[in-house]
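Notes to accompany the following structure.
Numbering (our numbering), first residue to last: 196 to 1131.
Given below as structure tokens:
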């Protein structure tokens, strides 16, 4: 982080800089003295210093001003810092009791697009802060330092002014600067120096460029914070084949080293029996007389040919001939040695192949054992048997001469290295595969032969379907549901003859219909029960995932805690500050220092004194649940304290707290792209829970935590708890309390909690996020909410919500739970939106009458608003009351005449606040009541 100053101190040649040490640039600055301020000139080290002071403590109604000259602003520096050094005299040090002494003064600012010279009007200045000393001594004068922030600057320059209203003060220096994120290289991406944004742009996104000889699949990006720090990098550059990362750059592999693909790995030394090429090698070719088998990795060593088998013996046994031998003396460094048997029979001087009449047990080719039994030999004939040893590299030897290497040419087909399943449904499979690198010469295009058939061990004849393909991927349709298929793919040579190595894999289509039904000896509300509670998705099925275990199925709940959670000694935990309170006790921020591990910040949940054994078990059950999860979007359990008097649950610390409060505090500061990125993280966490057959039951933005990189994590896994602070927030049924505003209708009516009901809740979370933490259904009662949902009404689109995002919300709120998307589908859709940011530009229809709390010119009791301040308080924008009064807008009639430009001109600059006030005024003009109106 660098902070670049605009001006510093009162000297004829002023300097800027910051304590961290950055660039220092000279600037000349003068002050315009207005009313009573005195200037004192001193010489220090050859420089002229000026101190401004005022001390009219004996006179009433003081209003003394000191204003700077015009301070030009760089266009992107919307947030500046003002550091003041000053002295304030203690009022008690004066003898007279009639003094009207003060001990504070005021800091003001005024923006302008041009220098107004000596023209000065108080009404143009906006108050920034009241400045007071940290400490005042009666016997000595102490220098105080205070730093204030001036936000949302937008014009070409600005003035600072200081107002004295009856203090005895001396202003020693003023330093004005702004902060930047320094030019940097991160993950091999170069990012330019960037001026930090203000409160309306807490994170400024910056595009980077991959350093020389590196590439990236997506545009590398990073975000500059208001404090001049780089956070949340997106995309990563990797060194090209033949290059490795060395101190933020990509350098060629040294001679004798290689790298085959773009990655973050280092260059590897050439393996055994390979040639040491010059620098920048993509692979190391085999030395003369050594080879790689088609199935060998290009990164592995090369092998020699095996020598001949030894000690061949032939013995008669029960009318059969037993051939046995010893393995070769030299295997060429390979373990895949096989043996072939050749037989010739001779009559006189004429010898010929034995043909198929001879029977071998187990076979005469591809033997791995060093013996074979030969039968069906004719009497009175001479037989000659020879044994040949082969290995994987023997294929490189010409059939005409075992000692001649057939060199690899550009026309030779490459080998298939991997085959993978990209996507599947009940009737289709999408496959792709990789091939080995080809020689550097100009190689012809590769064509592939794909064979596939049903896997059926009972069939005597197998029927293959053969496809000739131009690319290394394919989607095959019209397959049978729930069926295993065998696939074999082979690269073709330039004449379309087969020749490259092939690879065979087995893949299955999805079962058409319902998913598996799990049966447990005890009813578990967190696991699907019966066929009516199962759902399926085309993108997820038959995944071999671990299944969640309900800790309440253990006869002794303490056993579950011991099984799923790590015990921590309390001496390793340090509590620092209370950050919240739960049903069971306080929540602290603290540190965890376990021997052998780096100290880390943690959140500590405590159990209040006087608890019952049931409360203790309920408290620790959350740890038994969390301990079973391991995912980047699920809050991580560090451990528990159970063997001491004060039980504790220790989790990772999330700096930005609950998502709903965080969004309300940063209303309008994030783009739709950033908000969708947050939702993608939440959906990924919920997909993980759903795959484990865990149902959350209380998914809401208040139960999503945010860390300092804006990563969202699902939390709050307690099974019995108060779900909201206010009683109106829950609806009591025979089975406990339900958070009505977030719960699916079938879960409210029949307590049918499933992953599908979690999907409904996720739709509400999407609405909360896009509405920056707005309360779902505003001030409606729970009974009004249930009635509206049952009558097919749904929440309307929030302001500026992308249409695609709102359509996904509506899909999550389908009444038929079997038609709602699965979390895997949701993750896939959000990924598509993030890969195509233009898809977020189409905005859903917005009706301001629906989305604001008080849409008419009257309050909640039907009476008209009596003042502007009452109206601003009703929409939670009371912080702008002074802006309206200073602009002369003091009646509701005047408010109704305001336009967007008028709102900006009085100082409302944050996009979220500007929209809230503008849309509220639009609603004020419409006299129809709308709290009962919803978008279907």
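C-beta atoms are modelled at their ideal positions from N, C-alpha and C, and glycine is treated no differently.
These numbers come from a predicted model, not from an experiment.
Quiz item: For the beta strand (DSSP E) that residue 641 lies in, which residues bound it at each end?
Solution: Looking up residue 641 in the chain shown gives position 446. Note, residue 641: premise wrong, no beta strand (DSSP E); not H, not E.
Self-check item: Inter-residue Cα distance where the pair is residue 1133 and residue 245
Solution: This structure leaves residue 1133 out entirely; the chain is present only between 196 and 1131.
Quiz item: Using DSSP with H/G/I as helix, E/B as strand and the rest coil, what is residue 301?
Solution: In the chain shown, the residue the question calls residue 301 occupies position 106. Three-state result, residue 301: strand.
Quiz item: Can you pull the DSSP bridge partners for residue 1141?
Solution: Here the chain comprises residues numbered 196 to 1131, so residue 1141 is not present and cannot be evaluated.
Self-check item: Beta-carbon proximity list for residue 1131, same chain, < 8 angstroms, skipping 5 on both sides
Solution: The residue you call residue 1131 lines up with position 936 of the chain shown. In this prediction, residue 1131 scores a pLDDT of 27, lower than 50, which makes its location untrustworthy; the coordinate-derived value is nonetheless stated afterwards. Cβ neighbours of residue 1131 within its own chain (closer than 8 angstroms, five residues either side excluded): 987, 988, 989.
Practice problem: Please confirm whether residue 965 and residue 884 have their CB atoms less than 7 angstroms apart. | Solution: For the purposes of this step, residue 965 is taken as residue 770 along the chain shown, with counting starting at 1. For the purposes of this step, residue 884 is taken as residue 689 along the chain shown, with counting starting at 1. Not in contact: residue 965 and residue 884 (Cβ atoms no closer than 7 angstroms).
Self-check item: contact_flag[the stretch 697 to 704, the stretch 675 to 688] where n(CB pairs < 8 angstroms) is 3 or more
Solution: The answer is yes - the stretch 675 to 688 touches the stretch 697 to 704, with three or more Cβ pairs under 8 angstroms.
Exercise. Determine the DSSP secondary structure at residue 486, reduced to helix, strand or coil.
Key: Taking the first residue of the chain shown as position 1, residue 486 is located at position 291. Assigned with DSSP and collapsed to three states, residue 486 falls in strand.
Quiz item: Using DSSP with H/G/I as helix, E/B as strand and the rest coil, what is residue 429?
Solution: As a first step, residue 429 must be located in the chain shown, where it is residue number 234. Residue 429: strand per DSSP, three-state reduction.
Practice problem: Just mark residue 676 as buried or exposed, buried being the case when its beta carbon has 16 or more other beta carbons within 10 Å. | Solution: In the chain shown, residue 676 corresponds to position 481, counting from 1. Exposed, by the Cβ-count rule.
Quiz prompt | Same chain, Cβ closer than 6 angstroms to residue 806, neighbours up to 5 away in sequence not counted | solution = As a first step, residue 806 is located in the chain shown; it is residue number 611 there, counting from the start. Within the same chain, residue 806 has no close Cβ partners at all.
Quiz item: Short check: CB of residue 272 to CB of residue 390, under 7 angstroms?
Solution: Here residue 272 is taken as the residue at index 77 of the chain shown, counted from 1. Here residue 390 is taken as the residue at index 195 of the chain shown, counted from 1. Note that the C-beta distance between residue 272 and residue 390 is below 7 angstroms.
Exercise. State buried or exposed for residue 573, treating a residue as buried only when at least 16 other CB atoms are found within 10 Å of its CB.
Key: Counting from one through the chain shown, the residue named residue 573 turns up at place 378. Per the 10 Å Cβ criterion, exposed.
Quiz item: Should residue 1105 be listed as close to the ligand SAM, given that the test is whether its C-beta is under 6 angstroms from any heavy atom?
Solution: The ligand SAM is not part of the structure shown, which contains no ligands of any sort.
Quiz item: Hey, is the stretch 607 to 625 in contact with the stretch 558 to 566, meaning 3+ C-beta pairs nearer than 8 angstroms?
Solution: Between the stretch 607 to 625 and the stretch 558 to 566 there are fewer than three C-beta pairs closer than 8 angstroms, too few to call the two in contact.
Self-check item: For residue 1018, the three-state DSSP class (helix, strand or coil)
Solution: Indexing the chain shown from 1 puts residue 1018 at position 823. It is helical.
Exercise. Tell me whether residue 747 sits in a helix, a strand or coil according to DSSP, three-state version.
Key: Taking the chain shown and counting its residues from 1, the one referred to as residue 747 is at position 552. The answer is helix: DSSP assigns residue 747 an H, G or I state.
Practice problem: Find out if the Cβ-Cβ distance for the pair residue 280, residue 368 is shorter than 7 angstroms. | Solution: On the chain shown, residue 280 is found 85 positions in, with the first residue counted as 1. On the chain shown, residue 368 is found 173 positions in, with the first residue counted as 1. Yes, they are a contact pair.
Exercise. Mind checking which residues open and close the beta strand (DSSP E) that includes residue 1063?
Key: The count along the chain shown starts at 1 and reaches residue 1063 at position 868. Taken as a continuous stretch (DSSP letters only), residue 1063 belongs to no beta strand (DSSP E), being part of the alpha helix (DSSP H) at 1063 to 1069.
Quiz item: From 531, 461, 508, 448, pick the residue whose C-alpha is nearest to that of residue 1140; which is it?
Solution: Because the chain here runs from 196 to 1131, residue 1140 falls outside it and cannot be looked at.
Quiz item: Excluding the five sequence neighbours on either side, which residues of its own chain have a C-beta within less than 6 angstroms of the C-beta of residue 947, listed in chain order?
Solution: Along the chain shown, read from residue 1 onward, the residue named residue 947 stands at position 752. Contacts found: 941.
Quiz prompt | Contacts around residue 1014, its chain only, beta-carbon distance under 6 angstroms, and the 5 residues preceding and following it disregarded | solution = Here residue 1014 refers to the residue found at position 819 of the chain shown. Taken in chain order, the list of residues that qualify is empty.
Quiz item: Taking the alpha-carbon positions, what's the residue 1111 to residue 1070 distance?
Solution: Against the chain shown, residue 1111 aligns to sequence position 916. Against the chain shown, residue 1070 aligns to sequence position 875. When rounded, the distance between both Cα atoms is 8 angstroms.
Self-check item: Spatial neighbours of residue 1028 in its chain, beta-carbon cut-off 8 angstroms, leaving aside the 5 residues before and after
Solution: Working through the chain shown from its first residue, we reach residue 1028 at position 833. Counting only residues of its own chain and dropping the five nearest sequence neighbours on each side, residue 1028 has a CB closer than 8 angstroms to the CB of 871, 997, 999, 1000, 1034, 1035.
Exercise. Measure the C-alpha to C-alpha separation of residue 383 and residue 420 and round it to an integer number of angstroms.
Key: Numbered from its first residue, the chain shown carries residue 383 at position 188. Numbered from its first residue, the chain shown carries residue 420 at position 225. When rounded, the distance between both Cα atoms is 20 angstroms.
Self-check item: residue 549, enclosing beta strand (DSSP E) - first and last residue
Solution: Position 354 of the chain shown holds residue 549. Residue 549 -> no beta strand (DSSP E), and no H or E assigned at all.
Practice problem: Indicate whether residue 847 and residue 831 have their beta-carbon atoms separated by less than 7 angstroms. | Solution: As a position in the chain shown, residue 847 is number 652, starting the count at 1. As a position in the chain shown, residue 831 is number 636, starting the count at 1. Result yes, Cβ atoms of residue 847 and residue 831 sit closer than 7 angstroms.
Exercise. Would you mind stating whether residue 504 and residue 569 have Cβ atoms separated by less than 7 angstroms?
Key: Here residue 504 refers to the residue found at position 309 when the chain shown is read from its first residue. Here residue 569 refers to the residue found at position 374 when the chain shown is read from its first residue. Taking a C-beta distance under 7 angstroms as the contact criterion, residue 504 and residue 569 do not qualify as a contact pair.
Quiz item: In chain order, what residues of the same chain lie with their CB nearer than 6 angstroms to the CB of residue 662, ignoring the 5 residues before and after it?
Solution: Counted from its first residue, the chain shown places residue 662 at position 467. Taken in chain order, the residues that qualify are 645.
Self-check item: residue 289 versus residue 250: straight-line alpha-carbon distance, rounded
Solution: Position 94 of the chain shown holds residue 289. Position 55 of the chain shown holds residue 250. If you take the alpha carbons of residue 289 and residue 250, they lie about 11 angstroms apart.
Quiz item: Skipping 5 residues on each side, what residues in its chain have a beta carbon closer than 6 angstroms to that of residue 429?
Solution: Stepping through the chain shown from its first residue, residue 429 is reached at position 234. Answer for residue 429: 416, listed in chain order.
Quiz prompt | Beta bridge counterpart(s) of residue 419 as assigned by DSSP | solution = Position 224 of the chain shown, counting from 1, holds the residue named residue 419. DSSP output for residue 419 lists 399, 425 as bridge partner(s).
Quiz item: Going by beta carbon distance, what residues of the same chain come within less than 6 angstroms of residue 892, once the five residues before and after it are set aside?
Solution: Position 697 of the chain shown, counted from the first residue, corresponds to residue 892. Same-chain partners within the cutoff: 948.
Quiz item: Tell me which same chain residues have a C-beta within less than 7 angstroms of the C-beta of residue 464, skipping the five on either side of it?
Solution: Along the chain shown, read from residue 1 onward, the residue named residue 464 stands at position 269. These residues qualify, in order along the chain: 451, 452.
Quiz item: residue 1134 lies in the beta strand (DSSP E); which residues open and close that run?
Solution: Residue 1134 is absent from the structure shown; the chain starts at 196 and stops at 1131.
Quiz prompt | Stretch pair the stretch 743 to 759 + the stretch 770 to 777: three plus CB contacts closer than 8 angstroms | solution = Here the stretch 743 to 759 makes no contact with the stretch 770 to 777; the two share fewer than three CB pairs at distances below 8 angstroms.
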